[in-house]
Amino acid sequence: MPRDDGSDTAGQDPAASPLVADRASRVLDAVQPLLASDGVDVTMDQLADAAGIGRRTLFRYFPSKEALVAAAVRRSYDELLAEVFAAPDPTLGPEDTVREVLARTHDVAERMGRAHWQVAADPESHGELGEAVRARQDARARYVVAFTEELWRRAGRQDAPPRWLVDAFGLVESLFAHQALRRDLGRSGQQIVETTTTVMVAALHEALRTP
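Just so you know, we're using this note's numbering here: the sequence shown kicks off at 52 and counts up by one.
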């Protein structure tokens, strides 16, 4: 991204105008690889260098590193929702839908990288990340509920899915499960998808049998 000291953005909220919002989005595009590889302990100077702008300009888009990380987390989950639910063929049955969605979910989880894992697993060790933690929790809750409701509809049910099924998907589709299977047990991405798909399909069938 070319270095830009954009003084016309001074004091503006990133959402204040389409131009500023677009520039802030391009900053997030530029810094995402650094957050994924190095995590949230990077400095604003490093982030500004990655974005090709001055440190002062970066603060005009994002008033703190916490605000930038929170914006990156929110956007990743927005992209996850868009990718996951735009992808599966609407004619797929629930079992194939689970596999399609979980495959895409794990692809996105890999792209999220180290920063998202730190925000999820150990935010207290990385400074004031309360805004990013809240952004992740809110976005992930929306994603888990939306997926479970979509899966329930594809199974032919019009009522609300049981809460335990939502919770089961929340456990299966999580950075914690992904990291445990990959790091502790040495599973490949494809193996993680197959394992989580098997567990989720079994949970779905059990829920459908329950009156």
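Using N, Cα and C, we set each Cβ at its ideal position, and we do this for glycine too. The model shown is predicted, which means the values in this text are computed figures rather than measured ones.
Beta-carbon proximity check, residue i vs residue j, cutoff 9 Å
i    : j    : result
P145 : A206 : yes
A166 : V124 : yes
S127 : M95  : no
V120 : V78  : no
T248 : R185 : no
V71  : A102 : no
Cβ shell of residue i (< 6 Å), same chain only, five flanking positions each side left out
i    : result
L132 : Y194
W168 : L226
P213 : A258
P69  : none
A219 : A254
Helix, strand or coil at residue i according to DSSP, with G and I counted as helix
i    : result
R111 : helix
D189 : helix
R155 : helix
L180 : coil
S76  : helix
S127 : helix
L226 : helix
When the options are compared against residue i, the one with the closest alpha-carbon
i    : options                : result
R208 : R260, A231, R126       : R260
V252 : R233, F227, A231, W203 : W203
G181 : A75, L86, D89, A118    : A118
L27  : E201, A171, V250, L236 : Residue 27 is absent from the model: the chain starts at 52 and stops at 262.
Residues near residue i by beta carbon distance below 7 Å, same chain, minus five either side
i   : result
S88 : G164, R165
Cutoff 8 Å; reference residue i; Cβ partners in own chain excluding five residues on either side
i    : result
F110 : M95
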